[in-house]
Amino acid sequence: MPLISSFLILIMLIAALAALFFDNLLNSIIAAGLVSLIASVLFYFLKAPDVAMTEAAIGAGLTTAIFVLALYKTERGKSE
Amino acid sequence: MVNLTLIIAIPLLMSFTMPIFKMLNQKLPKVIALLTTAFNLLVLTANFSQIMDSAIIIELGGWQAPLAINLYVGPLALLAAFLINGSAFILSIYNLTQDYKFDDKFYLLFLMITAGASGMVMTGDLFNLFVFIEITSIAAYSLTAFAGRDSYEASFKYLVIGGIGSVFMLLGIGFTYSAVGSLNLAEIAASAGLINPLLLQITALLFLIGVGIEAELFPLNFWVPDLYTEAPTAVSGIMSGAVSAAGIYALARIFFTLFPAQSFLNYLLYLGAITLILGELIAYQQKNIKRMLAYSSLAQMGLIVAVISLGTEGAVRAGLFQLVNHSILKILLFISAGVLISAAGSKNIDDLAGLGSKKKTAAFGFTIAAMGILGVPFLNGFISKFMIISSSLNADQFLLTVLILLAAVIEIAYYLKVVQKLYFEDLKIEVKKTAVITIPVVLLTLMIFGLGIYPQLIADPLEKAAAELINNGSYIMTVLGGM
Amino acid sequence: MLNFLEEWSFFGGSILLILIGLYGVITRKNMIKILISLALMDTGVNLMLVALGYVKAANAPILNSVVQTNTAAFVDPIPQALVLTSIVIGTAVLGLGLALVIKIYDKFSTLDISKIRGLKW
Amino acid sequence: MKFRNFLALIIVAVFAFIIFQAFTIVPAAGEITINKFGQADLSNRTASRYINKNVNSDSKKVIYKESSNLESGSANIVTSVVANYRSFDTLGEITVLFLAAAGIAIVLNLEKSEKSRFAAKEASLILNTGIKIIFPLLLLAGAYIFIHGHLSPGGGFQGGAVIATAFLLKMLADYKFEIKEKSITLVESAAGIVFVGLGLYGLITRGSFLENFLATGTVGELFSGGTIAVIYTAIAFKVGAELTNIVKSLIEA
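Going down the list, the sequences are from chains X, B, G and E.
Using the numbering used here, read the first sequence as starting at 1 and increasing by one per residue.
Using the numbering used here, read the second sequence as starting at 1001 and increasing by one per residue.
Using the numbering used here, read the third sequence as starting at 2001 and increasing by one per residue.
Using the numbering used here, read the fourth sequence as starting at 3001 and increasing by one per residue.
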């Protein structure tokens, strides 16, 4: 169990760094969504199913969606 | 006696209903805002004598005091709540003459910034404090953006720095809860002596970052000038008069009641002194009148924090008195400056030349308030300045005293520059039609003279508030009494 | 090794996430990336809070047909409740921030803060 | 540019140093500090009162589907904290969301610019049919989540978020689908009024804001928990409406 969670945390940190250093904003947003998604699995490991559900629905789902919407309202929408 | 929860509950109810009011009648939102703030003042007045006697604890949800969320309203909280709701009331009168686009949303945000700040000063629970800080800041971000144009950038800047602050504050809450096992301020204060000193320092730093943003403390205050410059006048007024007061209150609560230690207060003293001097120096160079007021506001906040963190009873009383005066004076300055700006159609101080003959009320208001800040005798600023200097001398802080006097000199220079422009230069521009602000100016001027000539009006609450702040034992006893 | 991982992975990971977010907020010039960094910080601190309330080999704080009584060991429910609140608040702040970003983009046609007057910091 | 990154690294390193120190503290005798991972001691935390449901009443054994008329009747303890013991925080939190929704609407509509709705102009048959099936299912799932909030994981926020997601998908897939702003506002306001109204009713009848005034029933039954279910329903409607409002503003900006 510690191995699985440590591995997930490692991936989460890599995804977080990737979110900062990707050139493409869409990739960044998706990486940030991945961070939230992994966080929600980690919340489940920490015996917090309520928080896991909220993080998955709001953090990983809706937040990513509004980021993408904002992206298409700005750079992506006007240049292409 | 009326239940003090209503101060938060009624504005909440009114904000939620505001869109419906707007559907009923276009004019209703601004009237509702005025009535709600008036109602809050009445509730506070009704509880005044009781609180002066002994602090009121209100249990929320019917749960016993230290175990769930409770409100704690002592003299200090009462003083701050009066300031906040009084500022909101006066600015609501001012707002009657203003027309905002989306006025239902403006007024619901305006009410919530008031309720959020009142909640900040009344709550007795650490996480609840965080929630109220967030309510206040989100309302402030949105209200800042209300002016359109350049205000979006100011709002974005504030949002980012506020977001970072809330993360650190939340981390501090987590550490505190993990160590103490409770979120109640009194319980934390009771076991603060047991916390490992290093952990205490780290937690205090985290809270300083979180709350220092609201209290406009150096170096977390670089968003303030932009915000005050770009936001609508009523918003600058409420931010300067109410929100920063709530921020100072929260800071004082954390560093006097929660983690009382002289070493932390010393750091606060340095931070406050730096804020004071930097603020005054930058204010002196400003050409934009609102920016000048913003930096002057920062400097005043620094002064108040520095004086309060001297930690003696006289100093705390002087600092609190200065806080009251600052709220009154800055609101008057902001609304009269707002009228002058719209009359001239420019924020540049040079363009305001000669307006003293045309916009008599506004120019009069600005002058009186400027005199108050400078500490002219018979105005309220004189007495608080006097108290501040004597208390800092009593505490053997000569350097601080010199700094305060130096700051006062710089203040005189830049405020008199504006007054001189208003009255002693020729009118160069075409004067535009503006709103009438007679009632708020008269009310505020009365307060300035009232407190200046008869300061005993407020002496008793100030004394009790200072005593409450310095001795946290009574706070702990009142909340945990039954345990 | 396993013990070390068990003890430190959650605390270390969440603090690192906060710090990565902080680094991003300070250094990134793209406004959307600044908000992404803020979201990372939020996630990190939420993870931290829940991890502080974790109890080894305890149950999720829900009574059900398997865990029937309050005498069983539970993880701390309070940080979980706080985190529920904090997640929603974080989303609210991000939404408002993105709305501001859209308007600023309308004005300057760029997301780069170094090219926007009044946003250089 | 390079200097800025270097400075940021130093700031981050300082913070890392400060914060990590908190975890390495070895407390002296009698001192308290942060608990080690997995070793939170609940017995002296407020949480134990919430778990044993003995904040106001005496300690007794709580048994699933047997104990009744407890001070807080929810089987999900997180729910009883969120919607009962600390419901004032929750009221504050939905207020934050409400303010954010209002702020977003202001910011995006204050100065009119040309608006283009972000949605699929001509949805394919598969997308159209898919969304027709998924939309009611998601609404149903959302409702299930918040109605069972006091029994199983989930509750008002999660249910509200799922409902908002349903509307988001519908708005993205169907260009003609529009929600009237007025109806969202009414739902938002009504749910908020219900929440505060519950609080005020508790204040009037029981003497404390947000105090529970309904029977709490038997732990684990659907009809239990007193006002928790009502509060969570109000929260779900409010969160759902607010998130939908935020998404709608962003889509139509």
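All residues carry an ideal CB built from backbone N, CA and C; glycine is no exception.
Taking only runs that begin and end inside the region 3087–3160 of chain E, name each unbroken alpha helix (DSSP H) of 4 or more residues, in chain order.
-> 3087–3109, 3125–3147
Skipping 5 residues on each side, what residues in its chain have a beta carbon closer than 6 Å to that of B:Leu1208?
-> Walking along the second sequence from the start, residue 1208 of chain B turns up at place 208. There are no such residues.
Tell me whether B:Ser1166 counts as near the ligand ATP, meaning its Cβ is closer than 7 Å to at least one heavy atom of that ligand.
-> Annotation note on the ligand ATP: not contained in the displayed structure, which lists no ligands.
Taking B:Val1083 as the reference, which of B:Glu1153, B:Asp1350, B:Leu1329, B:Tyr1475 has the closest Cα?
-> The residue labelled residue 1083 of chain B in the question sits at position 83 within the second sequence. The question names Val, but residue 1083 of chain B is Leu in the sequence shown. The residue with the shortest Cα to Cα distance from B:Leu1083 is B:Leu1329.
From the beta carbon of E:Gln3021, is the nearest beta carbon of chain B less than 8 Å away?
-> Numbered from its first residue, the fourth sequence carries residue 3021 of chain E at position 21. Closer than 8 Å to some Cβ of chain B, the Cβ of E:Gln3021 qualifies, so yes.
Output, in chain order, the set of chain E residues within a Cβ distance shorter than 9 Å of G:Lys2103.
-> By 1-based counting over the third sequence, the position of residue 2103 of chain G is 103. Within 9 Å of the CB of G:Lys2103, the CB atoms of chain E belong to Val3107, Leu3108, Leu3110, Glu3111, Ser3113, Ala3253, in sequence order along the chain.
Does G:Pro2079 have its Cβ less than 8 Å from a Cβ in chain B?
-> As a first step, residue 2079 of chain G is located in the third sequence; it is residue number 79 there, counting from the start. Yes, because at least one Cβ of chain B sits closer than 8 Å to the Cβ of G:Pro2079.
Assign B:Asp1351 to buried or exposed, taking buried as 16 or more other Cβ atoms, counted over all protein chains shown, within 10 Å of its Cβ.
-> The residue given as residue 1351 of chain B occupies position 351 in the second sequence. That one is buried.
Taking only the alpha-carbon atoms, compute the straight-line gap between B:Asp1099 and B:Ala1435 and give it to the nearest angstrom.
-> For the purposes of this step, residue 1099 of chain B is taken as residue 99 along the second sequence, with counting starting at 1. For the purposes of this step, residue 1435 of chain B is taken as residue 435 along the second sequence, with counting starting at 1. In this structure, the alpha-carbon of B:Asp1099 lies about 10 Å from that of B:Ala1435.
What is the C-beta distance between E:Val3196 and B:Leu1091, in whole angstroms, given that I count them as a contact (C-beta under 8 Å)?
-> Indexing the fourth sequence from 1 puts residue 3196 of chain E at position 196. Indexing the second sequence from 1 puts residue 1091 of chain B at position 91. That pair is no contact at about 24 Å.
Between the C-alpha atoms of E:Pro3136 and X:Ala57, what's the straight-line distance to the nearest angstrom?
-> Numbered from its first residue, the fourth sequence carries residue 3136 of chain E at position 136. Numbered from its first residue, the first sequence carries residue 57 of chain X at position 57. Cα to Cα, E:Pro3136 sits roughly 17 Å from X:Ala57.
Other residues of its chain near B:Ala1344: CB distance less than 6 Å, five sequence neighbours each side excluded = On the second sequence, position 344 is the one that residue 1344 of chain B refers to. Correct list, in chain order: Asp1351, Leu1352, Ile1429.
Look up X:Leu69 in the DSSP assignment and say whether it is helix, strand or coil.
-> Looking up residue 69 of chain X in the first sequence gives position 69. If DSSP states are grouped into helix, strand and coil, X:Leu69 belongs with the helices.
In chain order, what residues of the same chain lie with their CB nearer than 6 Å to the CB of B:Lys1385, ignoring the 5 residues before and after it?
-> Numbered from its first residue, the second sequence carries residue 1385 of chain B at position 385. Contacts found: Gly1375.
If the cut is a Cβ gap below 8 Å, which residues of chain X does E:Ala3161 touch?
-> Position 161 of the fourth sequence holds residue 3161 of chain E. By Cβ distance, chain X contributes Thr54, Ala57, Ile58, Gly61, Leu62.
Among residues of its own chain, excluding the 5 on either side of B:Thr1037, which ones have a beta-carbon nearer than 7 Å to its beta-carbon?
-> The sequence position of residue 1037 of chain B within the second sequence is 37, counting from 1. Cβ neighbours of B:Thr1037 beyond the five flanking positions: Asn1085, Ala1088, Phe1089, Ser1092, Thr1114.
Can you find a C-beta in chain B that's less than 8 Å from the C-beta of G:Ile2018?
-> Here residue 2018 of chain G refers to the residue found at position 18 of the third sequence. It does; some Cβ of chain B falls within 8 Å.
According to the neighbour-count rule (16 or more other Cβ atoms, all chains shown, within 10 Å of its Cβ), is B:Val1409 buried or exposed?
-> As a position in the second sequence, residue 1409 of chain B is number 409, starting the count at 1. It counts as exposed.
Report yes or no: do the region 2077–2097 of chain G and the region 1145–1163 of chain B share at least 3 C-beta pairs separated by less than 8 Å?
-> yes
Could you work out which residue in B:Phe1175, B:Gly1116, B:Phe1110, B:Thr1312 is closest to B:Leu1265 when comparing CA atoms only?
-> Sequence index remark: in the second sequence, residue 1265 of chain B carries index 265 (1-based). For the residues B:Phe1175, B:Gly1116, B:Phe1110, B:Thr1312, the minimum Cα distance to B:Leu1265 belongs to B:Thr1312.
Excluding the five sequence neighbours on either side, which residues of its own chain have a C-beta within less than 6 Å of the C-beta of B:Met1301, listed in chain order?
-> If you number the second sequence from 1, residue 1301 of chain B lands on position 301. Excluding residues within five positions, the ones whose Cβ falls inside 6 Å are Glu1216, Ser1244.
Going by DSSP, name the residue or residues bridged to B:Glu1059.
-> What you label residue 1059 of chain B is simply residue 59 of the second sequence in a count that begins at 1. According to DSSP, which records beta bridges pairwise, B:Glu1059 is partnered with B:Asn1070.
Under the assumption that G:Ile2087 contacts X:Glu55 (Cβ atoms under 8 Å), give the Cβ distance between them as a whole number of angstroms.
-> Taking the first residue of the third sequence as 1, we reach residue 2087 of chain G at position 87. Taking the first residue of the first sequence as 1, we reach residue 55 of chain X at position 55. Yes, they are in contact, since the Cβ atoms of G:Ile2087 and X:Glu55 sit about 6 Å apart, within 8 Å.
Hey, could you find the ends of the alpha helix (DSSP H) B:Phe1130 is sitting in?
-> Looking up residue 1130 of chain B in the second sequence gives position 130. In this chain, the alpha helix (DSSP H) harbouring B:Phe1130 covers 1126–1144.
Assess, as a yes-or-no matter, whether the region 3050–3069 of chain E is touched by the region 3154–3164 of chain E under the definition of 3 or more beta carbon pairs within less than 8 Å.
-> Note that the region 3154–3164 of chain E does not touch the region 3050–3069 of chain E; fewer than 3 beta-carbon pairs, one per stretch, sit closer than 8 Å.
For the region 26–39 of chain X, enumerate the residues whose C-beta is nearer than 8 Å to any C-beta of chain G, in chain order.
-> From the region 26–39 of chain X, only Ser28, Ile29, Ala32, Val35, Ser36, Ala39 have a Cβ closer than 8 Å to chain G.
Establish whether the CB of G:Thr2043 and some CB of chain X are separated by less than 8 Å.
-> Here residue 2043 of chain G refers to the residue found at position 43 of the third sequence. Judged by the 8 Å Cβ criterion, G:Thr2043 is in contact with chain X.
Under 9 Å Cβ-Cβ, which residues of chain E neighbour X:Ala70?
-> Residue mapping note: residue 70 of chain X aligns to position 70 of the first sequence, counting from 1. Simply Leu3250, Ala3253.
Apply the 10 Å Cβ neighbour rule to B:Glu1214 and answer buried if 16 or more other Cβ atoms are within range, or exposed otherwise.
-> If you number the second sequence from 1, residue 1214 of chain B lands on position 214. Looking at its Cβ environment, which holds 16 or more other Cβ atoms inside 10 Å, B:Glu1214 is buried.
Cβ of B:Met1112 within 8 Å of Cβ of B:Pro1075?
-> In the second sequence, counting from the first residue as 1, residue 1112 of chain B sits at position 112. In the second sequence, counting from the first residue as 1, residue 1075 of chain B sits at position 75. Against a cut-off of 8 Å, the Cβ pair of B:Pro1075 and B:Met1112 comes out as no contact.
Along the chain, where does the alpha helix (DSSP H) that runs through B:Tyr1100 open and close?
-> In the second sequence, counting from the first residue as 1, residue 1100 of chain B sits at position 100. Note, B:Tyr1100: premise wrong, no alpha helix (DSSP H); not H, not E.
Taking G:Val2025 and X:Ala70 to be in contact with their CB atoms under 8 Å, please state how far apart those CB atoms are, rounded to whole angstroms.
-> Along the third sequence, one-based indexing puts residue 2025 of chain G at 25. Along the first sequence, one-based indexing puts residue 70 of chain X at 70. 17 Å between Cβ atoms; not a contact.
According to a CB-to-CB cut-off of less than 7 Å, which residues of the region 1096–1116 of chain B neighbour chain E?
-> Lys1101, Phe1102, Lys1105, Leu1108, Leu1109, Met1112
Of all Cβ atoms in chain G, is any one closer than 8 Å to the Cβ of X:Val51?
-> If you number the first sequence from 1, residue 51 of chain X lands on position 51. Judged by the 8 Å Cβ criterion, X:Val51 is in contact with chain G.
For E:Thr3033, which residues from the same chain have a beta carbon less than 6 Å from its beta carbon, with the 5 sequence-adjacent residues on both sides left out?
-> As a working note, residue 3033 of chain E is residue 33 in the fourth sequence. For E:Thr3033, where only same-chain residues beyond five positions count, the Cβ hits under 6 Å are Ile3025, Pro3027.
Residues near E:Ile3179 in its chain [Cβ-Cβ closer than 8 Å; skip 5 each side] = Indexing the fourth sequence from 1 puts residue 3179 of chain E at position 179. So the list reads Phe3167, Met3171, Thr3244, Lys3248, once near-sequence residues are dropped.
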